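J.:
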Amino acid sequence: MNYAIHILITVNIFVLLALALDLLVGYAGLMSLAHGAFFGIGAYSTALLTKAGWPALAAQSAGMLLAALLSGLIAIPSMRVRGIYLLIITIAVQIMFSVAAQNWIGLTGGDAGLANIPPYSIFGYALRGVYFLVVCTACSVFWFLLCRRLTTSPFGRLLRALRDDEVGCAALGKNVVAAKMAVFAFSAALAAFSGSLFAHYTAYVDPRSFEIGVSILVLLMVMLGGAGTLTGPILGAIVLSVLPEAFKFLPLPPGAAAASRQLLFGLMLVLVVYFRPQGLIGRRRSQIATHG
Amino acid sequence: MDSKSTAVLEIVDLHKHFQGIVVLQGVSLSVRRGRITALIGSNGAGKSTLLNLVSGGLQVDRGVIYLNGQEISALPAFARARLGLARTFQHPRVFPSLTVLESVRFAATAPREEGLLRNLVSARANTEERLYESLRLCGLEHKSGVAAGDLSYGEQKLLMLAQVLANDAEFLCFDEICAGLEPDVVGLVKEMFVKLATLGKSILFVEHNLELVREIADWVVFLHSGEVFIEGHTTAVLENPEVVRLYLGQ
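Chain order of the listed sequences is W and B. Residue numbers for the first sequence follow our numbering, beginning at 39 and rising by one. Residue numbers for the second sequence follow our numbering, beginning at 389 and rising by one.
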């Protein structure tokens, strides 16, 4: 039972991260491998502030605000570059965060991390186990509905147009820079929200939990499920969170089990990307336009 | 001509060069309200560059541009658009993942309606009538659900035109809008230009087809080697022997 709850909480945390990244990658067409960093900013903010006596919601909000502000580090260069060049900038931001988390020992505890983070609490009630799962699930539903509202609104249409042609947007009076900064800030804040839940759940944070591998994993979730669909990345998060756990139950020879699981995992990803480049749920652009 | 009082667009002593190559040198001209002004000239004369400088796609090296008396030379493209300047491009620039209807709706939506925080709270729809009117005028109403990226070359040009109409801008720039269009569609565009002018819109368009220029333009500016060689009423310019010699090589 506890194992199932653990997996479901993990799924929820990654669903939130995948939703955050889908807004950027899927809708605005802005690639990012820095979401591990924003996830970490939320987690460290919660760890530091709740240990200092802040209420969980206040600490979570502060982390979101900080991540939104720091997202400007990427949003400002994105005025001039996009595609692979923007991706390189986001990787640089991710590495800067990892280096800071490892070496700013007075603040982050360095590689030893920060322990004894209090559980998530609302109005003084500490939420653990199934109760925390309920909160995480409610948060996922809330953020999904909010993201869906955004993506189906004029703001969402602006993001899609931005992805297609920035010059065309500017010619129609759209402030491309402001739109990019807004979506970066929103996406970073949502990633930080997820990081805050993670910190409360694990009660411990260290730099390894927020490395570039996490950013790549979340990007894989988005691409696997179908970028620009919201539901696709949710499916991607479920698959890529549950599948490695499921592989643990395969009767593989001892000693080769871990490597075999990785091999199977990689093979599945290659097959999906080859046969469904638009993702498991994603539709081709022309289908999206014709059918709604 | 009292250009200051009637000019929508005023260009004064505009210069532009690219890596040492002078493209425009000291161009001055004005576009009067409600007038259809054609910009003609040989390839490389600087017509598209001039349009890009006016719309903000390029920054001026020297010179000043006024729109309705307000200097816009240093403003970014989106700010100029918000002041009432709309343009189409020589090659179609549409939003492939938006449908035709979404594209004109996007063009018609005021930027303040597209803010993130505003849309978290509420989102209002545009006036559908104006959108369908734009599509109807461009003959695209039956394509409203089709992805812009799936339209033909000519239809994409018409969609750019529909977006400009839906945008309801006051000053319109068209860069070879009729190039590559079927003759019946060119007729549609001609009608639309005249209708827009009667509605008080001011038009500046780049065109190589001199017959088309003769039919719809009130005023013609002939650019040659980055300078305004001559400007004046359509017939006067098109029948000027020097223009004929320089432009048509006769």
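Idealized CB from N, CA, C, for every residue including glycine. Being a predicted model, the structure only gives us computed values, none of them experimental.
Between which two residues does the alpha helix (DSSP H) containing Cys185 of chain W stretch?
T.: For the purposes of this step, residue 185 of chain W is identified with residue 147 of the first sequence, where counting begins at 1. Its alpha helix (DSSP H) spans residues 167-189.
J.: Would a C-beta distance cut-off of 8 Å place Phe224 of chain W and Leu61 of chain W closer than the cut-off?
T.: Here residue 224 of chain W is taken as the residue at index 186 of the first sequence, counted from 1. Here residue 61 of chain W is taken as the residue at index 23 of the first sequence, counted from 1. Yes, the pair counts as a contact, with Cβ atoms nearer than the cut-off.
J.: Tell me the start and end of each unbroken beta strand (DSSP E) in the region 399-468 of chain B that is at least 3 residues and wholly inside, in chain order.
T.: Entirely contained in the region 399-468 of chain B, the beta strand (DSSP E) runs reaching 3 residues are, in chain order, 409-420, 424-428, 450-455.
J.: By the criterion of Cβ-Cβ separation under 7 Å, what are the contact partners of Glu501 of chain B in chain W?
T.: Working through the second sequence from its first residue, we reach residue 501 of chain B at position 113. What Glu501 of chain B touches in chain W: Pro192.
J.: Can the beta-carbon of Met548 of chain B be found closer than 8 Å to that of Thr476 of chain B?
T.: For the purposes of this step, residue 548 of chain B is identified with residue 160 of the second sequence, where counting begins at 1. For the purposes of this step, residue 476 of chain B is identified with residue 88 of the second sequence, where counting begins at 1. Yes, Cβ-Cβ distance for Met548 of chain B and Thr476 of chain B is below 8 Å.
J.: In chain B, what lies closer than 8 Å to Lys218 of chain W by C-beta?
T.: Along the first sequence, one-based indexing puts residue 218 of chain W at 180. Correct list: empty, because the minimum Cβ distance to chain B is about 11 Å.
J.: Are the Cβ atoms of Gly274 of chain W and Gly263 of chain W separated by less than 8 Å?
T.: As a working note, residue 274 of chain W is residue 236 in the first sequence. As a working note, residue 263 of chain W is residue 225 in the first sequence. For Gly274 of chain W and Gly263 of chain W, yes; Cβs fall inside 8 Å.
J.: In terms of DSSP beta bridges, what is Cys561 of chain B paired with?
T.: The residue you call residue 561 of chain B lines up with position 173 of the second sequence. Per DSSP, B:Arg475, B:Leu592.
J.: How about Ala550 of chain B and Ser522 of chain B: do their beta carbons lie closer than 8 Å?
T.: Counting from 1 along the second sequence, the entry for residue 550 of chain B is found at position 162. Counting from 1 along the second sequence, the entry for residue 522 of chain B is found at position 134. Against a cut-off of 8 Å, the Cβ pair of Ser522 of chain B and Ala550 of chain B comes out as a contact.
J.: Between the C-alpha atoms of Asn628 of chain B and Leu508 of chain B, what's the straight-line distance to the nearest angstrom?
T.: For the purposes of this step, residue 628 of chain B is identified with residue 240 of the second sequence, where counting begins at 1. For the purposes of this step, residue 508 of chain B is identified with residue 120 of the second sequence, where counting begins at 1. Taking the straight line joining both Cα atoms gives about 60 Å.
J.: What separation, rounded to the nearest whole angstrom, lies between the Cα atoms of Phe180 of chain W and Phe170 of chain W?
T.: Position 142 of the first sequence holds residue 180 of chain W. Position 132 of the first sequence holds residue 170 of chain W. Phe180 of chain W and Phe170 of chain W: Cα-Cα distance of roughly 15 Å.
J.: Note down, in chain order, every chain W residue with its Cβ under 9 Å from the Cβ of Arg518 of chain B.
T.: Taking the first residue of the second sequence as 1, we reach residue 518 of chain B at position 130. None at all; the shortest Cβ gap to chain W is about 15 Å.
J.: Among the candidates B:Asp449, B:Leu417, B:Gly503, whose CA atom is the shortest distance from the CA of Val410 of chain B?
T.: Numbered from 1 along the second sequence, position 22 holds the residue referred to as residue 410 of chain B. Minimum Cα distance to Val410 of chain B is reached at B:Asp449.
J.: Between Ala105 of chain W and Ala230 of chain W, which are expected to be in contact by the criterion C-beta below 8 Å, what is the C-beta distance as a whole number of angstroms?
T.: In the first sequence, the residue the question calls residue 105 of chain W occupies position 67. In the first sequence, the residue the question calls residue 230 of chain W occupies position 192. 4 Å between Cβ atoms; contact.
J.: For Gly33 of chain W, decide whether its Cβ has a neighbour in chain B, counting only Cβ atoms nearer than 8 Å.
T.: Nothing can be reported for residue 33 of chain W: it is not among the residues displayed for chain W, which extend from 39 to 330.
J.: Under a CB-based cut-off of 8 Å, is Phe466 of chain B close to chain W?
T.: The sequence position of residue 466 of chain B within the second sequence is 78, counting from 1. Yes, its Cβ sits closer than 8 Å to a Cβ of chain W.
J.: Which residues in the same chain as Thr622 of chain B place their Cβ atom closer than 8 Å to its Cβ, once the five residues preceding and following it in sequence are excluded?
T.: Mapped onto the second sequence, residue 622 of chain B falls at position 234. Excluding positions up to five away in sequence, the list reads Ala426, Val601, Arg602, Ala605, Asp606, Trp607, Val608.
J.: If you check the beta carbons only, do Ser83 of chain W and Ala97 of chain W fall under 8 Å apart?
T.: Here residue 83 of chain W refers to the residue found at position 45 when the first sequence is read from its first residue. Here residue 97 of chain W refers to the residue found at position 59 when the first sequence is read from its first residue. Contact flag set, yes.
J.: Nearest chain D C-beta to Asn213 of chain W closer than 8 Å, yes or no?
T.: No chain D appears in the structure shown, which is made up of the protein chains W and B.
J.: Anything in the region 545-556 of chain B with a Cβ closer than 8 Å to a Cβ of chain W? List those residues in chain order, please.
T.: Of all residues in the region 545-556 of chain B, Gln551, Asn555 have a Cβ within less than 8 Å of some Cβ in chain W.
J.: Name the DSSP bridge partner or partners of Phe610 of chain B?
T.: As a working mapping, residue 610 of chain B is identified with position 222 in the second sequence. Paired residue(s): B:Ile428, B:Ile618.
J.: Would you kindly check if the distance between the Cβ of Ala465 of chain B and the Cβ of Gly444 of chain B is under 8 Å?
T.: Walking along the second sequence from the start, residue 444 of chain B turns up at place 56. Walking along the second sequence from the start, residue 465 of chain B turns up at place 77. Contact flag set, yes.
J.: Starting from the C-beta of Gly542 of chain B, find all residues in its chain whose C-beta is less than 7 Å away, skip the five residues before and the five after it, and write them out in chain order.
T.: Sequence index remark: in the second sequence, residue 542 of chain B carries index 154 (1-based). Gly568, Leu569, Glu570, Val573.
J.: Report the rounded CA-to-CA distance for Arg633 of chain B versus Gly317 of chain W, giving the unit in angstroms.
T.: If you number the second sequence from 1, residue 633 of chain B lands on position 245. If you number the first sequence from 1, residue 317 of chain W lands on position 279. Cα-Cα distance, rounded: 60 Å.
J.: Does any residue of chain W have a CB that is nearer than 8 Å to the CB of Ser436 of chain B?
T.: Residue 436 of chain B sits at position 48 when you count from the first residue of the second sequence. Chain W contact via Cβ: absent.
J.: Consider the Cβ of Leu60 of chain W: report whether some Cβ of chain B lies at a distance smaller than 8 Å.
T.: Within the first sequence, the letter at position 22 stands for residue 60 of chain W. The sequence given here has Asp at residue 60 of chain W, not Leu. Not an interface residue.
J.: What separation, rounded to the nearest whole angstrom, lies between the Cα atoms of Ile591 of chain B and Ala536 of chain B?
T.: For this step, residue 591 of chain B is matched to residue 203 along the second sequence. For this step, residue 536 of chain B is matched to residue 148 along the second sequence. If you take the alpha carbons of Ile591 of chain B and Ala536 of chain B, they lie about 25 Å apart.
J.: Between which residues of its own chain and Val49 of chain W is the CB-CB distance below 8 Å, once the five residues before and five after are set aside?
T.: Translated into positions along the first sequence, residue 49 of chain W becomes position 11. Here the set comprises Ala275, Ile276, Ser279, Val280.
J.: Thinking just about the alpha-carbon of each residue, which of B:Ala498, B:Tyr454, B:Phe562, B:Asp401 is nearest to the one in Glu480 of chain B?
T.: Translated into the one-based positions of the second sequence, residue 480 of chain B becomes position 92. One detail in the question is off: residue 480 of chain B reads as Pro in this sequence, not Glu. Nearest of B:Ala498, B:Tyr454, B:Phe562, B:Asp401 to Pro480 of chain B, Cα basis: B:Phe562.
J.: Using 8 Å for Cβ pairs, my map puts Leu489 of chain B next to Phe193 of chain W. What's the rounded Cβ distance?
T.: Start at 1 with the first residue of the second sequence, and residue 489 of chain B comes out as number 101. Start at 1 with the first residue of the first sequence, and residue 193 of chain W comes out as number 155. No, Leu489 of chain B and Phe193 of chain W are not in contact; Cβ-Cβ is about 18 Å, not under 8 Å.
J.: Report the neighbours of Phe376 of chain W on chain B: residues whose CB is nearer than 8 Å to its CB, in chain order.
T.: Beyond the ends of chain W as shown, which are 39 and 330, falls residue 376 of chain W; an answer cannot be given.
J.: Kindly indicate which three-state DSSP category Ser159 of chain W falls into: helix, strand or coil?
T.: If you number the first sequence from 1, residue 159 of chain W lands on position 121. Three-state DSSP puts Ser159 of chain W in a strand.
J.: I'd like to know if Gly445 of chain B contacts chain W, where contact means its C-beta is closer than 8 Å to some C-beta of that chain.
T.: As a working mapping, residue 445 of chain B is identified with position 57 in the second sequence. True, the Cβ-Cβ gap to chain W drops below 8 Å.
J.: Touch check for the region 435-443 of chain B and the region 401-420 of chain B: three-plus C-beta pairs under 8 Å?
T.: These segments touch.
J.: For chain B, find out if any of its Cβ atoms is closer than 8 Å to the Cβ of Arg186 of chain W; answer yes or no.
T.: To locate residue 186 of chain W, count along the first sequence from 1; it is residue 148. Chain B contact via Cβ: absent.
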